[in-house]
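*Asks:* Just so we're aligned, residue 6 is where the sequence shown starts under the working numbering, counting upward by one.
Ideal placement from N, C-alpha and C gives every residue a C-beta, glycine not left out.
This structure is a prediction, so every number in the text was calculated from the model and none was measured.
Could you have a look at this structure, given as structure tokens, before my questions?
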Amino acid sequence: IISASLVTSDTTVLPALSLLSSRGESLTYGGSDGATGSARIPSYVLREDESYFVRVEGLDVRTAYQLRVDPIEPGKLSVGQTVQSATNGDTLWNLNAAPGQIVQISLRAAAGSSLDTLIRLFDGAGQLVSSDDDGGAGYDSLLPLVLPDSQSYLVQADRLSGTGAFELAVTELTPQALPLDGSPASLVPDRAWSLTGQVGQVLTVTIQDAGDSSVPYLTLMTADGVALASSDGAQSLGAVLPQDGDYYLFAHNIADSGEDSMTASLPTAVDAPSLGEMASQTLYRLATGNVIAEALSLYRWGTADGAVQFTADARNALCWHGALRGAVGDVIEVCEDLPDSAGTSDPSVLAMRHDSRGLARALRGNIEGAIEDFEVFAASGYNAQQAAQRRAWIDRLRAGDPVNEIFDEATLEMLLQQ
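So this is what it looks like as structure tokens:
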């Protein structure tokens, strides 16, 4: 974990800093820290052992400056504890908590402050678990969630804008049973709701907004901390449950009055068109969120007796992300059918379907099939930069280079971002 700061004697300039990976990808950005002539990246978790670059921006080449990059030792934080700090003080804490624990992390700016807070939670590998900007009152942050499986957790108190003092607190939530009979439940802070369901059941939750300044939204998580669905600012949340077990519902951006409410239902079956649409949305979200085990569980349930016709976009997401996440043996049959079942003649869409299948075929050892698919993509004109990359893969595959060298960890991670 590092911080970076820049200071120059020229107080008329507004410099900035960017942290870049060894491949030139922008990882984070830091602007002025409340004063001209300076810039700061308060903290960043380095996820890989590699070289990094700091780029200085906004300065004339003749302007002298001092650049510092320092390691950070996070503080210690336990569930049930509250700490006070400021944007120019401690902003990182190791959280002492257990996987599966249901917690709420709140970040509140001091009264009268211009600070717009931002919470981030990282796992022990430095991967971002979740974040929140304005889920609390005003511009404060509120992040309720089920902690995923990890040996450790890191909480970052960041800001979108402004400076000043803040209070960070972590509390444990005791969930209440979610009413599933249509009776209203008040949306109030410091609360979570639980339900038990079976694979294929459809959860529908409708929000009744009282019309105040807040716009509430909901998130649904599995018992192992996987984010399954979100209302994303809409008035309802819908999801097809991907497996038997317990689920938890959390509310964000809600007023303290409790005037906002919700109603929920969990029928055992719905009409086929609605089921297919909702199941496809859930599958797509799981796959693109790299939650492959749950995505495969939902897909196998839906296709076991032909009850669900998953969209081509959802199946493509499962193929692409499943292959990249080490489950190519589980998704290869999905991938093989993609181009022929795309349901479109759009050349760019077909090119992407061939690209997904080509990747899966290459990782599965079907070299000739992979070359065939990559050639279709490269000839499509869809993306010149990606087409050049696929041509390079074709050359290396034909030359007999090992697949695990062509598609090394860095390349697979890069493809996840495409």
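For glutamate 264 and leucine 192, I'd like the C-alpha separation in whole angstroms.
*Replies:* If you number the sequence shown from 1, residue 264 lands on position 259. If you number the sequence shown from 1, residue 192 lands on position 187. Straight-line Cα distance between these residues: approximately 7 Å.
*Asks:* Go through its chain and collect everything with a Cβ distance to glutamine 86's Cβ below 8 Å, but skip five positions before and after it.
*Replies:* Mapped onto the sequence shown, residue 86 falls at position 81. Cβ within range, chain order: Ala174 and Val175.
*Asks:* In chain order, what residues of the same chain lie with their CB nearer than 8 Å to the CB of isoleucine 399, ignoring the 5 residues before and after it?
*Replies:* Along the sequence shown, read from residue 1 onward, the residue named residue 399 stands at position 394. So the list reads Ile376, Phe379, Glu380 and Ala383, once near-sequence residues are dropped.
*Asks:* For valine 204, name the three-state secondary structure that DSSP assigns.
*Replies:* Position 199 of the sequence shown, counting from 1, holds the residue named residue 204. Valine 204: coil per DSSP, three-state reduction.
*Asks:* I think arginine 362 touches glutamate 338, with their Cβ atoms under 8 Å apart; what is that distance to the nearest whole Å?
*Replies:* Against the sequence shown, residue 362 aligns to sequence position 357. Against the sequence shown, residue 338 aligns to sequence position 333. Arginine 362 to glutamate 338, Cβ: 11 Å. No contact.
*Asks:* On the DSSP letters alone, give me the boundaries of the beta strand (DSSP E) that glutamine 109 sits inside.
*Replies:* As a first step, residue 109 must be located in the sequence shown, where it is residue number 104. Counting along the chain, the beta strand (DSSP E) containing glutamine 109 begins and ends at 107-114.
*Asks:* Spatial neighbours of threonine 268 within its chain, please: CB distance less than 6 Å, with the 5 preceding and 5 following residues excluded, ordered by chain position.
*Replies:* Here residue 268 is taken as the residue at index 263 of the sequence shown, counted from 1. The answer, listed in chain order, is Gly187, Pro189 and Thr211.
*Asks:* Express the C-alpha separation of glutamine 423 and serine 26 in angstroms, rounding to a whole number.
*Replies:* Stepping through the sequence shown from its first residue, residue 26 is reached at position 21. Stepping through the sequence shown from its first residue, residue 423 is reached at position 418. Between serine 26 and glutamine 423, the C-alpha separation is close to 16 Å.
*Asks:* Under the three-state reduction of DSSP, which class applies to aspartate 137: helix, strand or coil?
*Replies:* Indexing the sequence shown from 1 puts residue 137 at position 132. The three-state secondary structure of aspartate 137, taken from DSSP, is strand.
*Asks:* Per DSSP, what kind of secondary structure is glycine 129 in: helix, strand or coil?
*Replies:* Position 124 of the sequence shown holds residue 129. Looking at glycine 129 - three-state DSSP - the assignment turns out to be coil, as it is neither helix nor strand.
*Asks:* Is the beta carbon of isoleucine 6 sitting closer than 8 Å to the one on proline 104?
*Replies:* Here residue 6 refers to the residue found at position 1 of the sequence shown. Here residue 104 refers to the residue found at position 99 of the sequence shown. Not a contact, by the Cβ cut-off of 8 Å.
*Asks:* Which one or two residues does DSSP pair with glutamate 177 in a beta bridge?
*Replies:* Here the question's residue 177 lines up with position 172 in the sequence shown. Answer is Val108, bridged to glutamate 177.
*Asks:* Based on Cα-Cα distance, which residue from Glu172, Arg196 and Phe171 lies nearest to threonine 427?
*Replies:* Past the edges of the chain, shown from 6 to 423, lies residue 427, and the structure says nothing about it.
*Asks:* For tyrosine 387, which three-state DSSP category applies?
*Replies:* Mapped onto the sequence shown, residue 387 falls at position 382. Note: tyrosine 387 maps to coil in three-state DSSP.
*Asks:* Touching or not, the segment 30-44 and the segment 10-22, by the rule of three or more beta carbon pairs under 8 Å?
*Replies:* yes
*Asks:* Measure how close the beta-carbons of leucine 364 and alanine 319 come, nearest whole angstrom, since I'm counting them as under 8 Å.
*Replies:* The residue given as residue 364 occupies position 359 in the sequence shown. The residue given as residue 319 occupies position 314 in the sequence shown. The distance from the Cβ of leucine 364 to that of alanine 319 is about 17 Å, inconsistent with a contact at the 8 Å cut-off.
*Asks:* Do the segment 44-64 and the segment 98-117 make contact, defined as three or more Cβ pairs closer than 8 Å?
*Replies:* no
*Asks:* If we call anything under 8 Å between Cβ atoms a contact, is alanine 228 one with glycine 205?
*Replies:* As a working note, residue 228 is residue 223 in the sequence shown. As a working note, residue 205 is residue 200 in the sequence shown. Cβ distance not < 8 Å, so alanine 228 and glycine 205 don't count as in contact.
*Asks:* Please name the residue, chosen from Ala234, Ala256 and Tyr252, that lies closest to serine 283 on a Cα-to-Cα basis.
*Replies:* Counting from 1 along the sequence shown, the entry for residue 283 is found at position 278. With the sequence shown as reference, residue 283 is identified as methionine, and serine is not the correct amino acid for it. Residue Ala234 is the option with its Cα nearest to methionine 283.
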